[in-house]
Ligand code: GDP
């Protein structure tokens, strides 16, 4: 599905991971190559640009782990950025089909693989989820398309709504709904008409069907081979009738995969499934983690870096706990705490886990504390020198002004941060003095 892109990126990273030390220039060169590789895979320019920018930012802010090479670390960052660009909300491939009978509207251009995909999904829902599915073709202009769905239905053992000549799409949709209700079906799928181009009539018809069916899912089927065009088609369909997810077909024939990479970033709609052949089971859920792994083909390195990062974090927090037990708590400690809080999704979880911090967490929350404040505080600490971080009491008014300006913030925010560090330091001292029975020491046992 991504052979060409995968090969190109493989070359870039093989070179990078073989080097022991990396200069900024090495990373910049590699990222330029990544950008070219993405563009050649027909990823849209803004998406490629944002992607490289995100990687660059993460690479600069990253704590260095001794047990992996910088090149390996860059691979991991690119891997995570790929997941970010592919990821939508919710479970991959999950369809909203509770409240039977749940309507699924299938839309797309003629030849995109809509009818095939309708049958593939019906089969999947039947085989894997034990659902009873009814399929109906609404393509009144092409009797052959209606026949095709009926034939596929017989082939996969899924019911289709009987064809009634002369009926319009809205009437068929209504009949499908009634039939699905009466027949005790879990899901009914409406395969709408396709045309070669998006035009008024196509959209008006799909919208009319949508309005009577009230679909739980509107799945747009697009031909992945058409690259950026697929993304444009998706944008237009979404604007005009609203889609809940995309199915990219013919990904078995696309070695570049650009459409898959741009789709979510450009349209905001998740790819739910990919079609990988003409056979009825040639469909897969679109799983960002797996796809990212497939594109990079460097699962070993990713796992290695993950492990090393975990170890590093563990070492850092153990070191901090030891310092805290001795009653020491400087800006480095505070920064680490703030970063961990950010990672753990806010104050509450983190502070709740530390003895004596629950109340403080509540206070800061009541004071309107949120993640943007955490980020600003981290920025402030980053503007301090090494010496100042270890010993914040040496800060003079003029330095405070510079530091606040460096982080683009007011001095008052810095003062608040300093107060927080002092208060936490005092608390650590108190806890440290509690001796052997002290809470922190207790917690460290
Ligand atoms: P529709 O006009 O959108 O309903 O398109 P069809 O479902 O009739 O599909 C058109 C052609 O594309 C058929 O020959 C399908 O077998 C083929 N097709 C559909 N999906 C895929 C896919 O994922 N991979 C490949 N290789 N062919 C596909």
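In full-length UniProt numbering, the protein residues as written are 1 to 445.
Every residue, glycine too, gets a C-beta built ideally from N, C-alpha and C.
What you are looking at is a predicted structure, and each value in this text was computed from that prediction instead of being measured.
- prompt: How about residue 205: is its Cβ closer than 6 Å to a heavy atom in the ligand GDP?
  reply: Residue 205: no, Cβ never under 6 Å from the ligand GDP.
task: Please find out if some non-hydrogen atom of the ligand GDP comes closer than 6 Å to the beta-carbon of residue 252.
output: Checking the Cβ of residue 252 against the ligand GDP gives yes.
- request: Would you list, in sequence order, the uninterrupted alpha helix (DSSP H) runs of no fewer than 4 residues that lie entirely inside the region 390-424?
  value: Those alpha helix (DSSP H) runs which fall completely within the region 390-424 and span 4+ residues are 397-406.
query: For residue 286, does the three-state DSSP call read helix, strand or coil?
result: Coil at residue 286, not helix or strand.
task: Could you work out which residue in 78, 143 and 162 is closest to residue 136 when comparing CA atoms only?
output: Of the listed residues, the one whose Cα sits closest to residue 136 is 162.
field: Whole-angstrom distance between residue 198 and residue 244, CA atom to CA atom
entry: Taking the straight line joining both Cα atoms gives about 18 Å.
query: What distance in whole Å lies between the Cβ atoms of residue 222 and residue 233, which are believed to be in contact at a cut-off of 8 Å?
result: Indeed they touch by this definition, with Cβ atoms about 5 Å apart.
task: List the whole-angstrom C-beta distance separating residue 414 from residue 400, where the pair is believed to meet the contact cut-off of C-beta under 8 Å.
output: About 5 Å separates the Cβ atoms of residue 414 and residue 400, confirming a contact at the 8 Å cut-off.
message: Could you check whether the Cβ of residue 155 sits closer than 6 Å to any heavy atom belonging to the ligand SAH?
response: Ligands in the displayed structure: the ligand GDP; the ligand SAH is not one of them.
query: Any heavy atom of the ligand GDP within a distance shorter than 6 Å of the CB on residue 112?
result: Correct: residue 112 has its Cβ closer than 6 Å to the ligand GDP.
- prompt: Would a C-beta distance cut-off of 7 Å place residue 431 and residue 381 closer than the cut-off?
  reply: No, these two residues do not count as a Cβ contact at 7 Å.
query: How is the beta strand (DSSP E) around residue 137 delimited, first residue to last?
result: Unbroken beta strand (DSSP E) run through residue 137: 133-137.
query: Span of the beta strand (DSSP E) holding residue 455?
result: Residue 455 lies beyond the residue range present for the chain, which begins at 1 and ends at 445; the question has no answer from this structure.
message: For residue 192 and residue 105, which I take to be in contact (beta-carbon distance under 8 Å), what is that distance rounded to the nearest angstrom?
response: Sure, about 7 Å apart at Cβ, within 8 Å.
- prompt: Under the DSSP definition of a beta bridge, which residues are partnered with residue 191?
  reply: Bridge pairing for residue 191: 106 and 137 [DSSP].
message: Pairs of beta-carbons, one from the region 233-242 and one from the region 256-272, closer than 8 Å: are there three or more?
response: Counting Cβ pairs under 8 Å, three or more are found: they touch.
query: In three-state DSSP terms, what is residue 166?
result: Reduced to three states, the DSSP call for residue 166 is coil.
message: Just to confirm my understanding: we take residue 83, look at its own chain, exclude 5 residues before and 5 after, and list those with CB closer than 7 Å. What are they?
response: Excluding residues within five positions, the ones whose Cβ falls inside 7 Å are 288, 289 and 292.
- request: Compute the beta-carbon to beta-carbon distance between residue 1 and residue 118, rounded to the nearest angstrom, for a pair I have assumed lies under 8 Å.
  value: Not confirmed; about 22 Å, so no contact.
message: On the criterion of 16 or more Cβ atoms from any shown chain inside 10 Å, does residue 32 qualify as buried, or is it exposed?
response: The residue in question, residue 32, is exposed, as its Cβ has fewer than 16 Cβ neighbours within 10 Å.
field: Residue closest to residue 89, alpha-carbon to alpha-carbon, out of 272, 376 and 395
entry: In terms of Cα proximity to residue 89, the closest of 272, 376 and 395 is 272.
message: For residue 215, which residues in the same chain have their Cβ closer than 7 Å to its Cβ, ignoring the five residues on either side in sequence?
response: Counting only residues of its own chain and dropping the five nearest sequence neighbours on each side, residue 215 has a CB closer than 7 Å to the CB of 103, 104 and 105.
- prompt: Where do the N-terminal and C-terminal ends of the beta strand (DSSP E) with residue 464 fall, by residue?
  reply: Because the chain in this structure spans residues 1 to 445, residue 464 falls outside the shown range and cannot be described.
message: Helix, strand or coil for residue 16? Go by DSSP, reduced to three states.
response: It is helical.
message: Measuring straight from C-alpha to C-alpha, what distance separates residue 337 and residue 420?
response: The alpha-carbon separation between residue 337 and residue 420 amounts to approximately 12 Å.
task: Determine which residues share a DSSP beta bridge with residue 159 and list them.
output: Looking at the DSSP output, residue 159 sits in a beta bridge with 134.
- prompt: Distance, Cα to Cα, residue 277 vs residue 253?
  reply: As the crow flies, the alpha-carbon of residue 277 is around 8 Å from that of residue 253.
query: Can the beta-carbon of residue 186 be found less than 7 Å from the beta-carbon of residue 132?
result: Result yes, Cβ atoms of residue 186 and residue 132 sit closer than 7 Å.
query: CA-CA distance, residue 93 and residue 108?
result: Roughly 18 Å between the two C-alpha positions.
message: What does the Cβ neighbour count give for residue 437, buried or exposed, with the cut at 16 atoms within 10 Å?
response: Low local confidence applies: a pLDDT of 49 at residue 437 is under 50, so the model's placement there is unreliable, with the coordinate-based value given in what follows. Exposed.
query: Do residue 224 and residue 248 have their C-beta atoms closer together than 7 Å?
result: Yes. Within cutoff.
- request: Using a threshold of 7 Å, state whether the C-beta atoms of residue 170 and residue 212 are closer than that.
  value: In contact: residue 170 and residue 212 (Cβ atoms closer than 7 Å).
- request: Mind checking who residue 218 pairs with in its DSSP beta bridge?
  value: Residue 218 has 105 as its beta-bridge partners, per DSSP.
message: If I follow the unbroken alpha helix (DSSP H) through residue 341, where does it start and stop?
response: Counting along the chain, the unbroken alpha helix (DSSP H) around residue 341 starts and ends at 331-343.
query: Which residue or residues does DSSP assign as beta-bridge partners of residue 467?
result: This structure cannot speak to residue 467, because the chain is shown only from 1 to 445.
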